[in-house]
Amino acid sequence: MDVYPQSILSVDGLSKSFRGLTALDQISLDVRRGEILGLMGPNGAGKSVFINVITGLYPADYGTVRFLGRDVTRLPSYALARLGIARTYQNIRLLRRMTVLENVLVAIKDHVNRPLRSLFIIRNRSRFVRAATTLLEQFHLADKRDWLAGSLAYGEARRLEIARALAGKPSLLFLDEPAAGMNERETEELGDTIRASRKLLEAMVIVEHDVAMMRGLADRLVVMDAGHKIAEGKPGEVLAEPNVIEAYLGTDEADE
Amino acid sequence: MIQDYIVFVGVNIVLAWSVYVILLAGSLSFANGGFMAIGAYVSGVLTVKFGFPLVIAALISGIAAGLIGVLAGFPALRTRGIYLMLVTVGIAVSVKAVIESIDYVGGIQGFGGMVGTTPWHVVGLVGLVGGGLALLSRSPLQRILDAVREDELSAASLGINPIYVKLTCFGVGAFLAAVAGSFYAHYLIHVSPDQFGIVLSVFIVLYAVLGGTNNMWGPPIGAAIMTLTPEFVRGLEAWRPTAFGVVILCLLLIRPDGLLAFRIATTRTKVVAGSKPKQST
Amino acid sequence: MLAEQIINGVVLGSMYALIAQGYTLVFGVLDKLNFAHGEIFMLGGFICVASIALGASLPIAILVTAIIAGLLGLVVEFIGFRKFQSPDAHLTAALSSFAIGLVIIDLSQKIWGAESVAVTLPGTLQTAAVSIGGLRIVVLRLAILVISLLLMLALYVVVTRSSLGRRIRAVAESPTKAALFGINVTRINQQVFFVASMMAGLAGLALALRTGYASSDVGFTFGLKALAIMAIGGMGDLRGALIGGLLIGVLEALAFHWGLGQLADVFVWLLMIVILLMRPSGLFGTLISKEVRA
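So the sequence lines, in the order shown, correspond to chains A, B and C. Counting in the numbering used here, the final residue of the first sequence is number 256, and the numbers go up one at a time with none missing. Counting in the numbering used here, the final residue of the second sequence is number 281, and the numbers go up one at a time with none missing. Counting in the numbering used here, the final residue of the third sequence is number 294, and the numbers go up one at a time with none missing.
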């Protein structure tokens, strides 16, 4: 049941173990319309597992996930994507052998939902290209649209991945450690990109290590440790809580 | 006779394409010899024992093969691609064993009486399949296949159902192989199980891969070369397996990303000067 | 006699298990399927025939077969797998090993002809039998069974208890991590190929001794079936390969006993498909997902 009426995503009692090791232990949270929710925690806290379970990569052992009121716990990745849940990956997964433009074109909802019917469409129909190019412009990648995706710089590749995730017009976007491996300048640019993308979505969930970035970006924070949720609330408050500070003590907070 | 060449090369071209279609989705099939056998036998029974016209019989046998392929392939594709490879080997071996044990179709002896294939049938088939593939390469579906082939996981995150795509390609490949097999059988008049062993399936894969898998023209070139060279290079016929095995190995070893990692036949030529397209590691 | 047939089945099964364990070793460590494996098995029979024809005694022939098969395994690893180590190269590696297998068959048919070649054994080695508990058991088959089981036991001990075994398991879990720990992954791959191929060669020798001749198509009949057995028993799991092999061996023997021999092949592959449907990791295997691996 939805705790708040503005909840887009409700997670209730989500649990997942791998070969006897508990990765997620009764995680409950909700994502509200219009917000950027930050998911933080030391290494091994289970943040990536959480995203992977929610986006259909692993099946949950227990618990439910409701998206826009609908039970989506058992759905596979592609079904979730079609319903409007998109994600990016920690180790950027782009189609490196295809061009930047093509990477975005792949994600066009019309084609993706009915692959066979798309057989009879002329492929680079100008309206699709226009829509894709507009999106790329918003991400400052339009001038590189014919470059091979594999030749982009790291920061650009991350932008492309986000752009591509947004091409399918999702409602909810999960970003898995988007700032991983970035320097300060790149991280700042990423923050700008994310802020600019807000209006294209209903809500975003960002998994990140970079405390400074999250402090400035997230509306709310959820902190995990060893599979449990240990704190939830506004960034300023949460990051001052003693058990949150303790969870991070002894952990190398530097970006991977 | 020139007729023979047209028919055999044409059949092999379609067979090579049947494997290519499956490769497009990222799977490797060693079953197409088995599907070819299904095509030959099902259509043969329909024409010889039930008087069906050839083309209808061929289509029905294609659908039968497609269904079998999808049914057998489904459990495999739910897990990993490598399981599908195993299942395809199993299909090829099983088809042959089943055919051998059914007396209705002559058991080990095989059966005959199948007539009706003219070179026009084969040319028409090649044209249709070629046209379909050309249409495919100009459609967004090509991109979807590329995405599934390159990274199933991220394709799924975009809403593409990789299992559906792979199964469909597998079914289509089975269909094509069976139709080719029907025409083949109705040209040879008589077929027997020992023509359809696992080696045949391996050869069909070699046809597809030898000419390069960059685009739809590679497989027909490979098929044509492999079918015609033994005719023109005397003595090669006896060494066909070794020669082709060695050639394939050389090709696989020389190309840095192997034959099966294909480039995408799209706007690659428009890579901006000055950028260094990083090849995949 | 049913009991005798079951024993025959166990002997047959032990040979299947030897081959299946070879597939499993390579799959477990390199995460690839080696389609040349069945052909090395096939060659085992011919090497045995050739050695005996050249005057070697049986024990020497066994040693020679084991070593040559192992060396061939190294060749296969070098040509067919060394260059294709990335996790995405399954198809390429499979295709290249198939190509190698094709070449092996063709060459062996050129050398020894396409017909089966008889094995000439000293005296009554082939048919000597003993009576145990009222059952007539051919000594040769008993020897094959015992030696096969000992070999597999030795392999199990090495893999689970020795330092080499630990290194092998480390590479099987993750080649990149193992390399970070200083393990020479290429060397491990080579050793795995050597052992697996040696076992295949010996299995081929066993088959040749048992049936009395070496033939060039056993790679496809026996060898591929062992591949299905590996999938049934669990990809990458040695116990699964052993139990699967014995199980299938006995089932096949029973099938022949009841006159259903012809469909034995189909049955094994259908069983594999059914098991994949219900329990994708095989009876004993654990599924290592593509993402988790290296």
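Where is the CB? At the ideal position from N, CA and C, for every residue including glycine.
DSSP lists no beta-bridge partner residue for residue 186 of chain A. Annotated three-state conformation of residue 17 of chain A is strand, per DSSP. Shown here for residue 166 of chain B: same chain residues with a beta carbon closer than 6 Å to its own, the five before and five after excluded, namely 25, 27 and 77 in chain order. Taking 8 Å as the cut-off, the beta carbon of residue 144 of chain A is found closer than this to the beta carbon of residue 100 of chain A.
At a cut-off of 8 Å, the C-beta of residue 165 of chain B has a neighbouring C-beta in chain A.
In chain order, 84, 87, 167 and 170 place their CB closer than 7 Å to the CB of residue 73 of chain B, counting only its own chain and leaving out the 5 sequence neighbours on each side. In this structure, the beta-carbon distance from residue 19 of chain C to residue 223 of chain C falls below 8 Å.
The count of Cβ pairs closer than 8 Å, one atom from the region 26-43 of chain C and one from the region 217-236 of chain C, reaches three, so the stretches are in contact. Under the Cβ criterion of 8 Å, residue 140 of chain B is counted among the residues facing chain A. Along the region 137-209 of chain B, the alpha helix (DSSP H) occurs as fully enclosed runs of 4 or more residues at 140-150, 152-157 and 162-188, listed in sequence order. Against chain A, the CB of residue 144 of chain B has a partner CB under 8 Å away; the residue lies at that interface.
Approximately 18 Å separates the beta-carbon atoms of residue 60 of chain A and residue 7 of chain A; this is outside 8 Å, ruling out the contact. Taking a C-beta distance under 8 Å as the contact criterion, residue 171 of chain C and residue 185 of chain C qualify as a contact pair. Among the residues facing chain B, residue 115 of chain A is included, as its CB has a counterpart in that chain under 8 Å away. Residue state for residue 116 of chain C is assigned as coil, using DSSP reduced to three classes. Using beta-carbon distances, residue 159 of chain B counts as an interface residue toward chain A, with a partner under 8 Å.
Between residue 186 of chain B and residue 117 of chain B, the C-beta spacing is below 8 Å.
Around the beta carbon of residue 1 of chain B, a 10 Å sphere encloses fewer than 16 other beta carbons of the protein chains shown; the residue is thus reported as exposed. Of all residues in the region 88-114 of chain A, only 88, 89, 93, 94, 95, 96, 97, 98, 99, 101, 102, 103, 105, 106, 107, 108, 109, 110, 111, 112 and 113 come within less than 9 Å of chain B when Cβ atoms are compared, listed by chain position.
Counted as a single uninterrupted DSSP element, the stretch harbouring residue 115 of chain B is not any alpha helix (DSSP H), since DSSP gives it neither H nor E.
Residues of the region 76-106 of chain B with a Cβ closer than 8 Å to any Cβ of chain C, in chain order: 76, 78, 79, 80, 81, 82, 83, 85, 86, 87, 89, 90, 91, 93, 94, 97, 98, 100 and 101. In the displayed model, residue 25 of chain A falls within a strand according to three-state DSSP. Residue nearest to residue 17 of chain C within the set C/207, C/258 and C/256 is C/207 (criterion: CA-CA distance). When C-beta distances to chain B are compared with 9 Å, the residues of the region 86-112 of chain C below that value are 86, 88, 89, 90, 91, 92, 93, 94, 95, 96, 98, 99, 100, 101, 102, 103, 104, 105, 106, 107, 109 and 110, in chain order.
Closest in C-alpha terms to residue 12 of chain A, from the list A/240, A/213, A/228 and A/235, comes A/228. Between residue 129 of chain B and residue 188 of chain B, the CB-CB gap reaches or exceeds 8 Å.
Within 9 Å of the CB of residue 64 of chain B, no CB atom of chain C is found; the nearest one sits about 17 Å away.
At a C-beta separation below 9 Å, residue 135 of chain B has these neighbours in chain A: 119 and 120. In the three-state scheme derived from DSSP, where H, G and I count as helix and E and B as strand, residue 129 of chain A is classed as helix.
A straight line joining the alpha-carbon of residue 48 of chain A with that of residue 70 of chain B spans about 34 Å.
For the C-beta of residue 128 of chain B, not a single chain A residue is nearer than 7 Å; the gap to the nearest is close to 14 Å. The C-beta of residue 50 of chain A has 16 or more other C-beta atoms within 10 Å across all chains shown, which makes the residue buried. With respect to chain C, the C-beta atom of residue 47 of chain B has no partner C-beta closer than 8 Å.
If you draw a straight line from the Cα of residue 155 of chain C to the Cα of residue 55 of chain A, it comes to about 42 Å. In the structure shown, residue 87 of chain A adopts extended strand secondary structure according to DSSP, grouped into three states. By the neighbour-count criterion, in which a residue is buried when 16 or more other Cβ atoms sit within 10 angstroms of its Cβ, residue 18 of chain A is exposed.
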